[in-house]
Amino acid sequence: MSEQIIDLAQWFHTPAGRYLREWELRHCDQAVADCFGYHALQIGGETLPLLRNSRVKRRWLAGIDTLEPALAADHGLPVEVPQEVDATLADELDADVCIGDLAHEGQIPLSLVVEPMALPFAENSLDLVVLPHTLEASADPHATLREVERVLVPEGRLIVIGFNPVSLWGTQQWRSVLAQRMGSGAPAFIPDIDDLIGHRRLRDWLRLLNLEVDGGRFGCYRPGLRSEAWYERLRWMEHAGDRWWPILGGVYFIEAVKRVRGVRMIQPRWKVAKQARSTVPLAQGERHATHRAQPSAQTPRTRP
1 MSEQIIDLAQ WFHTPAGRYL REWELRHCDQ AVADCFGYHA LQIGGETLPL LRNSRVKRRW
61 LAGIDTLEPA LAADHGLPVE VPQEVDATLA DELDADVCIG DLAHEGQIPL SLVVEPMALP
121 FAENSLDLVV LPHTLEASAD PHATLREVER VLVPEGRLIV IGFNPVSLWG TQQWRSVLAQ
181 RMGSGAPAFI PDIDDLIGHR RLRDWLRLLN LEVDGGRFGC YRPGLRSEAW YERLRWMEHA
241 GDRWWPILGG VYFIEAVKRV RGVRMIQPRW KVAKQARSTV PLAQGERHAT HRAQPSAQTP
301 RTRP
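Numbering (full-length UniProt numbering), first residue to last: 1 to 304.
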């Protein structure tokens with residue numbers, strides 16, 4: 001990769017980054033289309049409009065507070081992170097910084113800057129959270145997941161996108177990081193990410209937090225290349241990978257649902273009424289008739 005690539009946002013403009021971007025947008029569009037609610041949050045991935053196809057009323061894009069103050073000012077954001085943003089008071093946020101209906105693929109306006117391990121949202125306030133490579137860039141990914149579980153409502157949905165260490169991309173990243181630590185001076189294959197989180201490891205974390213995996217898949221089976229032409233020539237690897245080596249995709253996409261014990265979803269009135277009509281009690285006489293003693297077939301004894 002070029003020496004000019006210094007962060008993940010710039011990397012998404014390379015051939016490998018555009019290839020990954022197209023895959024992530026396509027599958028996230030399908031996943032968020034079925035999510036309903038009032039509040040959705042995407043943490044990180046400022047160049048990826050992953051909530052553009054969501055039906056959730058309020059959608060925010062949160063940058064991570066590792067942004068330099070100058071960059072935060074360029075996006076019209078305060079340098080200080082707010083203490084708490086109550087999602088029920090969403091109207092207090094400017095409409096200009098809410099993602100809304102994005103019809104373009106250009107720069108996405110940031111809504112706020114957050115620390116992923118201390119989100120400024122009330123408990124049980126968000127219906128959907130999307131983490132595009134956020135855990136891999138976090139100093140404590142497990143703490144970030146705990147914080148996301150806190151702000152999700154019961155039955156709220158979580159989407160996690162991450163690089164698969166058991167893949168061609170994972171091998172390229174491991175080799176480039178090792179060479180960089182040995183002083184080669186060459187940049188990492190994927191910048192800003194040192195430790196890749198395995199798919200099974202992430203599923204264990206989700207299970208411990210009562211986040212039930214509800215779906216997901218692997219993708220991006222072609223290696224990381226510098227040429228668009230080679231990506232077209234190797235297009236066959238995408239179909240072959242889905243069939244023959246699905247767990248070796250360069251990236252994974254996981255959907256999870258927050259489960260809370262003792263919480264029962266309220267059914268719509270029409271469904272409750274339908275169930276009530278389908279249950280017909282027995283008549284009083286019929287119920288007793290079923291338990292009535294049968295007459296004995298034996299002839300009663302008579303006195304001589």
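Positions of the beta carbon are idealized from the N, C-alpha and C atoms, including for glycine. All values reported here derive from a predicted model rather than from experimental measurement.
So the candidates are the options; which of them puts its Cα closest to the Cα of residue i?
i      : options                        : result
Ile161 : Cys35, Pro132, Tyr221, Leu8    : Pro132
Trp60  : Ser54, Gly198, Ala40           : Ala40
Cys220 : Phe189, Phe12, Tyr19, Gln10    : Tyr19
Leu110 : Ile64, Trp245, Val257          : Ile64
Pro15  : Glu255, Gly249, Trp244, Glu232 : Glu232
Arg55  : Phe121, Arg226, Leu128, Glu149 : Leu128
Gln30  : Gln180, Gly215, Thr144, Leu209 : Gly215
Arg146 : Asn124, Leu234, Trp169         : Asn124
Ala9   : Ile190, Ala229, Ser227         : Ile190
Phe218 : Arg207, Pro141, Gly198         : Gly198
Ala205 : Ile254, Ala186, Val177, Pro187 : Residue 205 is actually Trp in this sequence, not Ala. Comparing Cα positions, the closest option is Ile254.
Asp140 : Leu202, Gly156, Val130         : Leu202
Trp23  : Trp245, Arg222, Arg226, Ser138 : Arg222
Glu137 : Gly17, Glu115, Ala179, Arg58   : The amino acid occupying residue 137 in the given sequence is Ala; Glu does not appear at that position. Ala137 has its Cα closest to that of Glu115, out of Gly17, Glu115, Ala179, Arg58.
Phe121 : Ser227, Gln42, Ser184          : Gln42
Gly156 : Asp7, Trp169, Val177, Val213   : Val213
Asp34  : His239, Asn53, Glu46           : Asn53
Leu25  : Val177, Val130, Phe36, Trp236  : Val130
Gly224 : Trp169, Lys57, Arg58           : Trp169
Phe36  : Glu238, Pro246, Arg58, Arg21   : Arg58
Just reading off the beta strand (DSSP E) that residue i is part of, what are its end residues?
i           : result
residue 306 : With the chain covering 1 to 304 only, the question about residue 306 has no answer from this structure.
Trp11       : Here Trp11 belongs to no beta strand (DSSP E); instead the alpha helix (DSSP H) covers 8-11.
Leu41       : 39-43
Pro132      : 126-132
Ala256      : 251-258
Check the C-beta distance from residue i over to residue j and give it rounded, since I have them as a contact under 8 Å.
i      : j      : result
Leu119 : Val151 : 5 Å
Gly241 : Thr134 : No, Gly241 and Thr134 are not in contact; Cβ-Cβ is about 25 Å, not under 8 Å.
Val32  : Leu48  : That belief does not hold up - the Cβ atoms of Val32 and Leu48 are roughly 12 Å apart, past 8 Å.
Met117 : Ala143 : 5 Å
Asn210 : Val148 : About 12 Å; that fails the 8 Å criterion.
Leu196 : Gln173 : 6 Å
Val251 : Asn164 : 6 Å
Leu248 : Ser167 : 5 Å
Ile159 : Cys28  : 7 Å
Ala62  : Leu112 : 5 Å
Ala186 : Val177 : Contact flag wrong, Cβ pair sits at about 10 Å.
Tell me the residue span of the alpha helix (DSSP H) that contains residue i.
i      : result
Pro141 : 141-151
Glu115 : Neither: Glu115 is in no alpha helix (DSSP H) and is coded neither H nor E.
Asp65  : Element bounds for Asp65: n/a, residue is neither H nor E.
Ala240 : 236-244
At which residue ranges does the region 182-229 contain complete beta strand (DSSP E) runs of 3 or more residues, listed in the order of the chain? 211-219
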